[in-house]
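Colleague:
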Amino acid sequence: MDHDLVYKEETYRIIGICMEVHNQLGPGFLEIVYKDALEYEFQRQGILYEREK
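Residue numbers (the working numbering): 1 to 53.
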């Protein structure tokens, strides 16, 4: 199935960041905490993104 991904490398990188954030923080926080952590990591790694409005 990997061959079906249009942005394979980008997808794996983003999923990896999400997994790392969750592993570092663990479960039980409010959603905003995870959003803030993802925003920090995306900025730190130079990934352009737009937050949910």
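Even glycine gets a Cβ: it sits at the ideal position worked out from N, Cα and C.
(1) Could you give the first and the last residue of the continuous alpha helix (DSSP H) run that contains residue 45?
(2) Pick helix, strand or coil for residue 6, following the three-state DSSP scheme.
(3) So, helix, strand or coil for residue 26, using DSSP?
(4) If you draw a straight line from the C-alpha of residue 4 to the C-alpha of residue 12, how long is it?
Modeller: Once the coordinates are examined:
(1) Looking up residue 45 in the sequence shown gives position 45. Looking at the DSSP string, residue 45 is not in any alpha helix (DSSP H), and its letter there is neither H nor E.
(2) In the sequence shown, counting from the first residue as 1, residue 6 sits at position 6. If DSSP states are grouped into helix, strand and coil, residue 6 belongs with coil.
(3) Locating residue 26 in the sequence shown gives position 26, counting from the first residue. Reduced to three states, the DSSP call for residue 26 is coil.
(4) Taking the sequence shown and counting its residues from 1, the one referred to as residue 4 is at position 4. Taking the sequence shown and counting its residues from 1, the one referred to as residue 12 is at position 12. Going by the C-alpha atoms only, they are around 13 Å apart.
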